[in-house]
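The structure appears below as structure tokens.
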Amino acid sequence: MKPSNYVAITSLASFALFASSAVFANTKAEIDASVHDSLKQFRTLHSNNQSLENKAAGVLVFPTVTKGGVGIAGEYGEGVLQVKGKTVGYYSVTSASVGLTVGVGSRSEVLMFNTQAALDNFTNSKGWSIGADTGVAVLSKGGGGEYDTQTLQKPIVGFVYGEKGLIADLSLEGSKINKIDK
14 MKPSNYVAIT SLASFALFAS SAVFANTKAE IDASVHDSLK QFRTLHSNNQ
64 SLENKAAGVL VFPTVTKGGV GIAGEYGEGV LQVKGKTVGY YSVTSASVGL
114 TVGVGSRSEV LMFNTQAALD NFTNSKGWSI GADTGVAVLS KGGGGEYDTQ
164 TLQKPIVGFV YGEKGLIADL SLEGSKINKI DK
């Protein structure tokens, strides 16, 4: 296969992943049920997860984030922002990457905003990107890993768990989060 054909096919495959995600977007009820189940699983992964959740100014939950591609990869998921256990908004997470990616996988993500300032910065943004400048600490062993005091003092702590499929990626870097109307 010519390199130009390979690029065209992988670009088309990544576009199809994003297009199908938008077309088959979940309803509020489906997202809410998935978030409930995902948080239930998250709380069982480590004895301190419930306590961390209760102390957080806000918790952003993406029950299923799907990533797939061949060379060019795309990622999409829908979730909610909860403050004091109540849903205050619906959000999507997307990213795209170019590299040696082959396969399809999914995972769950929880972002805890540990300070009101971090939560306010997120809610006041028009499209928020996870990058080095946002101060997100991603725990290396997901929702069941051990915590250290220094990590938990970060303004935002990210947990990745429930990985399934052929792609197991703990990175949240480059993910773009936007508020969606439901």
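Residue numbering for the sequence shown follows the numbering used here, starting at 14 and increasing by one per position. Where is the CB? At the ideal position from N, CA and C, for every residue including glycine.
Asked	Found
Considering only their Cβ atoms, is the gap separating alanine 109 from glycine 87 smaller than 8 Å?	yes
Going by DSSP, what residue range makes up the alpha helix (DSSP H) through asparagine 191?	Not the alpha helix (DSSP H): asparagine 191 falls in the beta strand (DSSP E), residues 189-193.
Sort out for me which residues DSSP pairs leucine 94 with in a bridge.	Leu73, Gly102
Which residues in the same chain have their Cβ closer than 8 Å to the Cβ of isoleucine 44, if we skip the five residues on either side of it in sequence?	Pro76, Glu91, Gly92, Val93, Tyr103, Lys195
For glycine 140, name the three-state secondary structure that DSSP assigns.	coil
Could you name the residues of the same chain whose beta carbon sits closer than 6 Å to that of leucine 73, not counting the 5 residues immediately before and after it, in chain order?	Leu94, Leu124
With distance defined between alpha-carbon atoms, name the residue in Ile193, Thr79, Ser121, Tyr174 nearest to tyrosine 89.	Thr79
Ignore the nearest five residues each way along the sequence and tell me which others in lysine 177's own chain have a CB closer than 8 Å to its CB.	Gly118, Ser119, Arg120
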